[in-house]
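Colleague: Below are the structure tokens for one structure; questions will follow.
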Amino acid sequence: MKKVLVFDEIAETAITYLKANGIEVISNKQNDDNDLIAHSDADGMILMMHPVSEKIMSQMPNLKVIARYGVGYDNVNLDDANAHNIIVTNTPGANATAVAETAIMHMLMAGRSFYQQRLSITEDVNNIQIGQEVTNKTVGIIGFGAIGQKIDQLLTGFNVKVLAYARHNKVVKNGRMASLEEIYTQSDFVVLALPATSETNNMIDMAVFKKMKSNAVLVNIGRGTVIDELALINALKSGEIAGAGLDVVAVEPISEDNELLSLPNVFVTPHVAAKSREAFDTVGLTAAEEVVRVLNGQAPRYQVN
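The C-terminal residue of the sequence shown carries number 305 in UniProt numbering, and the numbering is unbroken.
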């Protein structure tokens, strides 16, 4: 019987599907390397955020597939996976609605300082800035895959003008494709829906903040490393931009002493954009389907290496 390692609290849809396909399911917290290496005979793995590279792969000789539980796969070393003939998959689009809803929420929370307004009820919070509405504004969306397109769709009704950037032209429901330069200089809200790659690392830096409007609000629901965090902090403190809504930061989990948490024009959530019941079930089932395909000798739908 094939064995697949999953993480505790995985969606029941994934476990049910794996067992229905004759697979033995092993579960642990996936907190450290030993949690993975302890099951060195596993044929497949459904992985959350723990990093996996040569050290682990070399000690799991039966491993044929690593299915990332989500869209991002920057915690898996693809070169090492290729060297061990391990297929790596993800689940594009499975959590798009949940993440897009989070982006809209961050636009509203950061754009209107709602979190600081709430704090003022029970804490001594002063000088809360009066924010701007989303309605009738220009919204730049950088990264226009399933999540970016869903954000565009959900913005229908706000009467916004969307400027979207992607490697390939796509239909923009509420606007048009645009260059990065247009997005930086014209947008009232800039939403980042990008993966972590060598090309996107620190792409939003000091030079970009100097191009942005002083009323601009930056929202990131992609990966924290896309933003130069020190440059962001400086831009927020100097008034170069008006605010930021962040579901992701450079180093996670975010530390209590991260300066972003103390700034009066920032709203932060702890990487929870994809955490809805619906998304959790859909992502789990999609990841499990990929594992079964590979272990049955079939081609996966969402291979990334």
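Heads up, the beta-carbon is just placed ideally off N, CA and C, and yes, glycines get one too.
What you are looking at is a predicted structure, and each value in this text was computed from that prediction instead of being measured.
Under a Cβ-count criterion, where at least 16 other Cβ atoms within 10 Å of its own Cβ denotes burial, should Gln129 be classed as buried or exposed?
Modeller: exposed
Colleague: According to DSSP, is Thr269 part of a helix, a strand, or is it coil?
Modeller: coil
Colleague: In the DSSP output, which residue or residues are listed as bridge partners for Thr138?
Modeller: Lys161
Colleague: With which residues is Gly245 paired in a DSSP beta bridge?
Modeller: Val219 and Phe267
Colleague: Hey, would you say Asp33 sits closer than 8 Å to Ile56, going by beta carbons?
Modeller: yes
Colleague: Going by DSSP, which residues form a beta bridge with Asn28?
Modeller: Phe7
Colleague: Would you call Ala299 buried or exposed, if buried means 16 or more other Cβ atoms sit within 10 Å of its Cβ?
Modeller: Exposed, because fewer than 16 other Cβ atoms sit within 10 Å of the Cβ of Ala299.
Colleague: With a 10 Å radius around its C-beta and 16 neighbouring C-beta atoms as the bar for buried, classify Arg118 as buried or exposed.
Modeller: exposed
Colleague: Does Val294 pass the burial test, meaning 16 or more other C-beta atoms within 10 Å, or should it be called exposed?
Modeller: buried
Colleague: Return yes when the Cβ of Tyr165 is within less than 8 Å of the Cβ of Ser187, no when it is not.
Modeller: no
Colleague: Quick check: what's the CA-CA separation for Gly111 versus Lys150?
Modeller: 20 Å
Colleague: Less than 8 Å between the C-beta atoms of Ala67 and Glu278, yes or no?
Modeller: no
Colleague: So if DSSP puts Met177 in a beta bridge, which residue, or which two residues, is it bridged to?
Modeller: Under DSSP, the beta-bridge partners assigned to Met177 are Ala164.
Colleague: Short of 6 Å in beta carbon distance, which residues of its chain neighbour Glu54, apart from the five on each side in sequence? Order them along the chain.
Modeller: Asp80
Colleague: Anyone know if the C-beta pair for Lys161 and Thr135 falls short of 8 Å?
Modeller: Result no, Cβ atoms of Lys161 and Thr135 do not sit closer than 8 Å.
Colleague: Suppose the cutoff is 6 Å on Cβ atoms and the five residues either side in sequence are ignored; what does the same chain contact list for Val200 look like?
Modeller: Reading off the sequence shown, one finds Thr at residue 200, where the question assumed Val. Cβ within range, chain order: Leu194 and Val226.
Colleague: Can you tell me whether Val251 is buried or exposed? The criterion is at least 16 other CB atoms within 10 Å of its CB, across all chains shown.
Modeller: By the neighbour-count rule (16 or more Cβ atoms within 10 Å), Val251 is not buried but exposed.
Colleague: Quick check: the Cα distance between Val292 and Arg301, rounded to an integer number of angstroms?
Modeller: 11 Å
Colleague: Please determine whether the Cβ atom of Glu252 lies at a distance below 7 Å from any heavy atom of the ligand NAP.
Modeller: For the ligand NAP, the structure offers nothing, since it holds no ligand at all.
Colleague: Does the distance from the C-beta atom of Leu192 to that of Val219 stay below 8 Å?
Modeller: yes
Colleague: Hey, which unbroken runs of the alpha helix (DSSP H) at 4 residues or more fall wholly within the stretch 50-111?
Modeller: Listed in chain order, the alpha helix (DSSP H) elements of length 4 or more contained wholly in the stretch 50-111 are 54-57 and 78-83.
Colleague: What do you reckon, are the CB atoms on Lys210 and Thr185 nearer than 8 Å?
Modeller: No. Outside cutoff.
Colleague: Given that a residue counts as buried once 16 or more other Cβ atoms are within 10 Å of its Cβ, and exposed if not, what is Ser238?
Modeller: exposed
Colleague: Closest by CA to Val266, which one among Asn127, Glu240, Ala244 and Met48?
Modeller: Ala244
Colleague: With distances taken from CA atoms, which of Leu154, Gly70 and Pro61 is nearest Lys173?
Modeller: Leu154
Colleague: Taking 8 Å as the cut-off, decide whether the C-beta atoms of Ile147 and Leu163 are in contact.
Modeller: no
Colleague: Between Ile241, Asp8, Val190 and Val65, which lies nearest to Gly140 when the distance is taken from Cα to Cα?
Modeller: For the residues Ile241, Asp8, Val190 and Val65, the minimum Cα distance to Gly140 belongs to Val190.
Colleague: In chain order, what residues of the same chain lie with their CB nearer than 8 Å to the CB of Glu133, ignoring the 5 residues before and after it?
Modeller: The beta carbon of Glu133 sits closer than 8 Å to the beta carbons of Gly111 and Arg112 from its chain, once the five residues preceding and following it are set aside; these are given in chain order.
Colleague: Pull up the CB-CB distance for Ala14 and Ile46, whole angstroms please, since I reckon it's below 8 Å.
Modeller: That pair is a contact at about 6 Å.
Colleague: Buried or exposed, going by whether 16 or more other CB atoms sit within 10 Å of the CB of Ala273?
Modeller: Flag for Ala273 reads buried.
Colleague: Tell me where the alpha helix (DSSP H) around Leu155 begins and ends.
Modeller: Unbroken run through Leu155: none, as it is neither H nor E.
Colleague: Return helix, strand or coil for Phe280, following the three-state DSSP convention.
Modeller: Looking at Phe280 - three-state DSSP - the assignment turns out to be helix.
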